[in-house]
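Protein sequences, first through last, are from chains Y and V. With numbering that gives the first Met the number 0 applied, the first sequence closes on residue 298, and no number is skipped along the way. With numbering that gives the first Met the number 0 applied, the second sequence closes on residue 181, and no number is skipped along the way. The C-beta atom is built at its ideal place from N, Cα and C for all residues, glycine as well. For clarity, every value in this text was computed on a predicted model and none was experimentally measured. Have a look at the structure below, then the notes.
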Amino acid sequence: MKKLLAGMFLCAALAGAAGAQAIEEKNLAKHPLKADQGYIFLHAPDRLAGTFIRIPSDEDIAQYNDQRRAAFAEAMKKYAKSLDRWNGDVKWAQERRQKAPPKPVEPTEATFSFPSFAHLNAVVFGPIFAFSKDEERGGYSYLTAVKPGRYVWYGPVFVDEDGARTGLCYCMGSVSFEVRSGVITDLGDFLVTAPRFGEQKTAPLPDIDSGYGLNGIKIRLPEQSREPMFGVPRSLSELPSVRPTFAAAGKMDNIYGVMISRLPRIEGVLDYQRDEVVDVASGNIVADQPFGAGEVTGG
Amino acid sequence: MKWLGAGALGALFLAAAATAADLPDPAGLTMPDVSFEESAAIAADYDKYYYFHRSDTDFATAYADIHECDALASGISFSAGNYDPAYAAQYGIGGVIGGVAGAALADAIHGSARRRVIRRINMRNCMSFKGYSRYGLRKDLWEEFNFEEGLGREKEDVRVLALARQALVAAGPAPARKELEP
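Next comes the structure, spelled out in structure tokens:
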């Protein structure tokens, strides 16, 4: 049963990352850079895993709402069939003076279940399928093909060996960056070096074990900051790459029910006033980050 | 931009933020007893049994903060208040894909104890970021106005009452004992 459940969830998780693809250096020849595709490159001193979530465009929202409406219509059809069947069951039970089965629950806009935009557009990488083990700098690099757009660093949240989401969500503050078509967006090791990890106190966190490998691969959370390093490996140096400008991103839902924290402050980018997220560049408080769920109207 | 009709998987935790209409009347609440004689055995369990407090904070603010942290700590599948357990139970996991399924399957895989640990970590982190301090409490006193959630979810009226009494303490008199790490 456990494996069945894990398999179901793994399928859902992979579906959520539809369009995203981990690229390994050894397979680079099979994955030439495409002009209509975005690429996220990052580096870490150890194996890393995590999730990026794309912020929906107006077009995304319209498309998502169409899909959701269609799914709701389908759910209503199923409900109608269930209701017919239930009416028959009630009649049958009454004739035999037996207890009638419970009436089907009608789905509504409020209770109808459909994956959020975030679930459908989460991009998961690591800890396996690294682009390369970096012999020059040490550590591991990851290259992921993604749909162009603006992405939020959701945190070291990933699909473990059992198919469950696990890890730490930066649900109470993080950063976002733009991914453009046809170039490699070079995050370098910014995400694990630039935040002031040493300054932020949190509750003690248990090991984040992916379960992969002979002894499991533990995701080591950064503890200290240092000057970030950028640059892509030689095998990618012929391709165009760009360092993104990072911006503060507001609070996000804990959509996977994992551990929560926030990305520590980053010089010139991210800061906090208590739990309010501050965009350092503008000095503004950043609004909570919705990812597009349910019907959206203008206004 | 206005977000409407958010389903069980998609509702923002903001939608779960306490509103004036939801705010329990503090006059009808009993202030929990947090006085006790400390011992090494009691202190050894402070990672589980504790309460929050912040100076110069009123009840409504404390309740909104605790409510938001509770929603974040529990995960979206529980936070919106419009997750319908009857619907999920009837149509099964196949009819409830995405976050609810993810949470349910993660629970099935990782178990209730793991989820209780995650909830504690999340409440501690969230309330700490909001500037609240944490103070240890004896287990039986803690049980009077707190709940633990593993695989299941506590009844809504029980949750609301417990969160409201936690807010009463959080906004109440300054604790005389030593503040703990987040």
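Quiz item: Could you give the residue range of the beta strand (DSSP E) that holds V:E155?
Solution: For the purposes of this step, residue 155 of chain V is taken as residue 156 along the second sequence, with counting starting at 1. Run containing V:E155: none in the beta strand (DSSP E); it sits in the alpha helix (DSSP H), 155-169.
Quiz prompt | C-alpha gap between Y:S281 and Y:A246, whole angstroms | solution = For this step, residue 281 of chain Y is matched to residue 282 along the first sequence. For this step, residue 246 of chain Y is matched to residue 247 along the first sequence. Taking the straight line from one Cα to the other gives about 10 Å.
Quiz item: How about V:E142: is its C-beta nearer than 8 Å to some C-beta of chain Y?
Solution: Here residue 142 of chain V refers to the residue found at position 143 when the second sequence is read from its first residue. Chain Y contact via Cβ: absent.
Practice problem: Return helix, strand or coil for V:V116, following the three-state DSSP convention. | Solution: Counting from 1 along the second sequence, the entry for residue 116 of chain V is found at position 117. Reduced to three states, the DSSP call for V:V116 is helix.
Practice problem: Tell me where the beta strand (DSSP E) around Y:T50 begins and ends. | Solution: Within the first sequence, the letter at position 51 stands for residue 50 of chain Y. From DSSP, the beta strand (DSSP E) with Y:T50 extends over 49-53.
Self-check item: Interface flag, Y:N120 vs chain V, CB-CB below 8 Å
Solution: In the first sequence, residue 120 of chain Y corresponds to position 121, counting from 1. No, its Cβ sits nowhere closer than 8 Å to a Cβ of chain V.
Exercise. Kindly list, in the order they appear in chain Y, the residues whose Cβ is closer than 8 Å to that of V:S54.
Key: Counting from one through the second sequence, the residue named residue 54 of chain V turns up at place 55. Within 8 Å Cβ-Cβ: nothing; V:S54 doesn't reach chain Y, min ~13 Å.
Quiz item: Just reading off the beta strand (DSSP E) that Y:R67 is part of, what are its end residues?
Solution: Taking the first sequence and counting its residues from 1, the one referred to as residue 67 of chain Y is at position 68. First-last for Y:R67: 57-94, but that is the alpha helix (DSSP H), not the beta strand (DSSP E).
Quiz item: According to the Cβ coordinates, are V:R137 and V:F51 closer than 8 Å?
Solution: In the second sequence, counting from the first residue as 1, residue 137 of chain V sits at position 138. In the second sequence, counting from the first residue as 1, residue 51 of chain V sits at position 52. For V:R137 and V:F51, no; Cβs fall outside 8 Å.
Self-check item: Residue from V:R113, V:V168, V:D139 whose Cα sits closest to the Cα of V:I65
Solution: Counted from its first residue, the second sequence places residue 65 of chain V at position 66. Ranking V:R113, V:V168, V:D139 by Cα distance to V:I65 puts V:V168 first.
Quiz item: Do we get a CB-CB distance below 8 Å when we pair Y:N253 with the residues of chain V?
Solution: Counted from its first residue, the first sequence places residue 253 of chain Y at position 254. Judged by the 8 Å Cβ criterion, Y:N253 is in contact with chain V.
Self-check item: Contact the stretch 55-74 of chain Y vs the stretch 164-176 of chain Y: 3+ CB pairs below 8 Å
Solution: no
Self-check item: Three-pair Cβ contact test at 8 Å for the stretch 137-150 of chain Y versus the stretch 51-69 of chain Y
Solution: yes
Self-check item: Element boundaries [alpha helix (DSSP H), containing V:S73]
Solution: Reading the second sequence from its first residue, position 74 is the one you call residue 73 of chain V. Looking at the DSSP string, the run of the alpha helix (DSSP H) that includes V:S73 is 58-73.
Quiz item: For Y:L27, which of Y:L235, Y:T110, Y:Q62, Y:D88 has the nearest alpha-carbon?
Solution: Numbered from 1 along the first sequence, position 28 holds the residue referred to as residue 27 of chain Y. Of the listed residues, the one whose Cα sits closest to Y:L27 is Y:L235.
Practice problem: Run through the stretch 120-149 of chain V for me and flag every whole alpha helix (DSSP H) of 4 or more residues, listed as ranges in chain order. | Solution: 138-142
Quiz item: In angstroms, rounded to a whole number, what distance separates the CA positions of Y:I254 and Y:I60?
Solution: Stepping through the first sequence from its first residue, residue 254 of chain Y is reached at position 255. Stepping through the first sequence from its first residue, residue 60 of chain Y is reached at position 61. Between Y:I254 and Y:I60, the C-alpha separation is close to 18 Å.
Quiz prompt | Meets three-Cβ-pair contact criterion under 8 Å: the stretch 97-115 of chain Y and the stretch 29-44 of chain Y | solution = no
Quiz item: If you draw a straight line from the alpha carbon of Y:Y169 to that of Y:F196, how long is it in whole angstroms?
Solution: Here the question's residue 169 of chain Y lines up with position 170 in the first sequence. Here the question's residue 196 of chain Y lines up with position 197 in the first sequence. Looking at the two C-alpha atoms, the distance is approximately 12 Å.
Quiz item: Does DSSP put V:P23 in a helix, a strand or coil?
Solution: Position 24 of the second sequence, counting from 1, holds the residue named residue 23 of chain V. Three-state DSSP puts V:P23 in coil, outside helix and strand.
Quiz prompt | Start-to-end residues for the alpha helix (DSSP H) that takes in Y:T192 | solution = Counting from one through the first sequence, the residue named residue 192 of chain Y turns up at place 193. Where Y:T192 is concerned, the enclosing alpha helix (DSSP H) stretches over 189-192.
Quiz item: Taking the Cβ atom as the reference point for each residue, do Y:R219 and Y:F229 lie within a distance shorter than 8 Å?
Solution: Taking the first residue of the first sequence as position 1, residue 219 of chain Y is located at position 220. Taking the first residue of the first sequence as position 1, residue 229 of chain Y is located at position 230. No; because the gap between Cβ atoms is not below 8 Å, this pair is not in contact.
Quiz item: chain V beta carbons: is any one of them nearer than 8 Å to that of Y:V257?
Solution: Counted from its first residue, the first sequence places residue 257 of chain Y at position 258. Yes, because at least one Cβ of chain V sits closer than 8 Å to the Cβ of Y:V257.
Self-check item: DSSP beta-bridge partners of Y:H118
Solution: Taking the first sequence and counting its residues from 1, one reaches residue 118 of chain Y at position 119. Y:H118 pairs with nothing; no bridge assigned.
Exercise. Go to Y:I39, then tell me how far its beta strand (DSSP E) extends in each direction, as first and last residue.
Key: By 1-based counting over the first sequence, the position of residue 39 of chain Y is 40. That run of the beta strand (DSSP E) goes 37-43.
Quiz item: Beta carbon of V:R158, beta carbon of V:F144: below 8 Å?
Solution: Here residue 158 of chain V is taken as the residue at index 159 of the second sequence, counted from 1. Here residue 144 of chain V is taken as the residue at index 145 of the second sequence, counted from 1. No, the pair does not count as a contact, with Cβ atoms beyond the cut-off.
Quiz item: Just reading off the beta strand (DSSP E) that Y:A21 is part of, what are its end residues?
Solution: Here the question's residue 21 of chain Y lines up with position 22 in the first sequence. 20-22 is the span of the beta strand (DSSP E), which, as asked, contains Y:A21.
Quiz item: From V:M30 to V:A161, what distance separates their C-alpha atoms?
Solution: For the purposes of this step, residue 30 of chain V is taken as the residue at position 31 of the second sequence. For the purposes of this step, residue 161 of chain V is taken as the residue at position 162 of the second sequence. If you take the alpha carbons of V:M30 and V:A161, they lie about 11 Å apart.
Quiz item: What's the C-alpha gap between Y:M75 and V:A163?
Solution: Along the first sequence, one-based indexing puts residue 75 of chain Y at 76. Along the second sequence, one-based indexing puts residue 163 of chain V at 164. If you take the alpha carbons of Y:M75 and V:A163, they lie about 38 Å apart.
Quiz item: Residue range of the beta strand (DSSP E) that Y:I183 falls in?
Solution: Locating residue 183 of chain Y in the first sequence gives position 184, where the first residue counts as 1. Residues 183-185.
Exercise. With DSSP collapsed to three states, give me the class of V:I41.
Key: Here residue 41 of chain V is taken as the residue at index 42 of the second sequence, counted from 1. Of the three classes helix, strand and coil, the one that applies to V:I41 here is helix, per DSSP.
Self-check item: Residues of its chain near Y:P125, where Cβ-Cβ distance is below 7 Å and the 5 sequence neighbours each way are ignored
Solution: Taking the first residue of the first sequence as 1, we reach residue 125 of chain Y at position 126. The sequence given here places Gly at residue 125 of chain Y; Pro does not occur at that position. Closer than 7 Å at the Cβ level, and outside the excluded window around Y:G125, lie R46, L47, A48, G49, Y141, F157.
Exercise. Could you check if V:F77 is buried or exposed, using at least 16 other CB atoms within 10 Å of its CB as the buried criterion?
Key: Mapped onto the second sequence, residue 77 of chain V falls at position 78. Because V:F77 carries a pLDDT of 33, less than 50, the predicted location of this residue cannot be relied on, and no value is offered for it.
Self-check item: Any 3 or more C-beta pairs closer than 8 Å across the stretch 113-128 of chain V and the stretch 27-45 of chain V
Solution: no
Self-check item: Nearest to Y:A129 (by Cα), restricted to the options Y:L238, Y:Y150, Y:A43
Solution: Position 130 of the first sequence, counted from the start, is the residue given in the question as residue 129 of chain Y. The shortest C-alpha separation from Y:A129 is found at Y:A43.
Quiz item: Count the other CB atoms within 10 Å of the CB of Y:G187; is the residue buried (16 or more) or exposed (fewer)?
Solution: If you number the first sequence from 1, residue 187 of chain Y lands on position 188. It counts as buried.
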